[in-house]
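Below is one structure, written out as structure tokens; the observations come after it.
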Amino acid sequence: NAGVTQTPKFQVLKTGQSMTLQCAQDMNHEYMSWYRQDPGMGLRLIHYSVGAGITDQGEVPNGYNVSRSTTEDFPLRLLSAAPSQTSVYFCASSVRGTNEKLFFGSGTQLSVL
Amino acid sequence: AQSVAQPEDQVNVAEGNPLTVKCTYSVSGNPYLFWYVQYPNRGLQFLLKYITGDNLVKGSYGFEAEFNKSQTSFHLKKPSALVSDSALYFCAVRDGIRGNNRLAFGKGNQVVVIP
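Chains as they are written, first to last, in the numbering used here: chain A, 62 to 174; chain D, 131 to 245.
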């Protein structure tokens, strides 16, 4: 019962470094998404995908890239990390879309110094 | 545009008392509404949703929510709170337009159940 798996759990970066946050789900879900959680601001959608090869921007996409080459994986890439990207990042998936319940990973806590 | 307001930062309630967490929404069409709960150091977990039908929706762990179209509200309720209900609660909404896959979350409400 793995569900949605995110790695790493914690990461510290220096300004300007790049990295990839990994997200994998084993439920054959078509829909996957990335959110960031900041105190007092709730969750904000970064990017989402409705199937392999299809991605779209959310509310706060700048500074992030995604791709969806397989149904299972949806990595989030930070191109050049900035302190404003310090946050907790959650990956979520659902069977087909946002009219159905989302299954969330346990999160990645990212600090950019 | 779609948005959610959760007006209270924190809700304190004594164990055994009724719990209410407030949510109002704004969408351009018919709303799809959700409640999620987040326990410390965990991802969010689905509690319940309203798509259409009965205005009173029952969900997990004894929670329910009432959809009120005239007041654009979707308050979460539990008749008798438990200490284990202490967590962060998020309301979320999307409009019912076909092909919309963006879900908007509120800022969250911290619920503290006092023994």
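By construction, the Cβ of each residue, glycine as well, lies at the ideal position given by its N, Cα and C atoms.
- In terms of beta-carbon proximity, G236(D) lines the interface with chain A, with at least one pair separated by less than 9 Å.
- No residue range can be given for M102(A), since it is assigned to no beta strand (DSSP E) and is classified by DSSP as neither H nor E.
- In the three-state scheme derived from DSSP, where H, G and I count as helix and E and B as strand, G192(D) is classed as helix.
- With respect to chain A, the C-beta atom of G226(D) has a partner C-beta closer than 9 Å.
- CA-to-CA, the gap between S128(A) and V111(A) works out to about 11 Å.
- Selection F151(A), P122(A), V149(A), T131(A) evaluated against M88(A) yields T131(A) as nearest (Cα-Cα).
- Per DSSP, reduced to three states, the secondary structure at S167(A) is coil, with no helix or strand assignment.
- For the C-beta of F193(D), not a single chain A residue is nearer than 8 Å; the gap to the nearest is close to 14 Å.
- Interface flag for G114(A) against chain D is unset, since no Cβ pair is found closer than 9 Å.
- Taking C-beta separations shorter than 7 Å and ignoring five residues to either side along the sequence, the partners of G158(A) in its chain run Y92, V111, following chain order.
- Of the residues assessed, A217(D) falls on the buried side of the cut-off, its CB having 16 or more other CB atoms within 10 angstroms.
- With the criterion set as a beta carbon lying under 7 Å from some beta carbon of chain D, the members of the region 92 to 113 of chain A are Y92, G101, M102, G103, L104, L106, Y109, V111, in sequence order.
- If the five residues before and after K162(A) are omitted, its C-beta is found closer than 8 Å to the C-beta atoms of S155, all from its own chain and listed in chain order.
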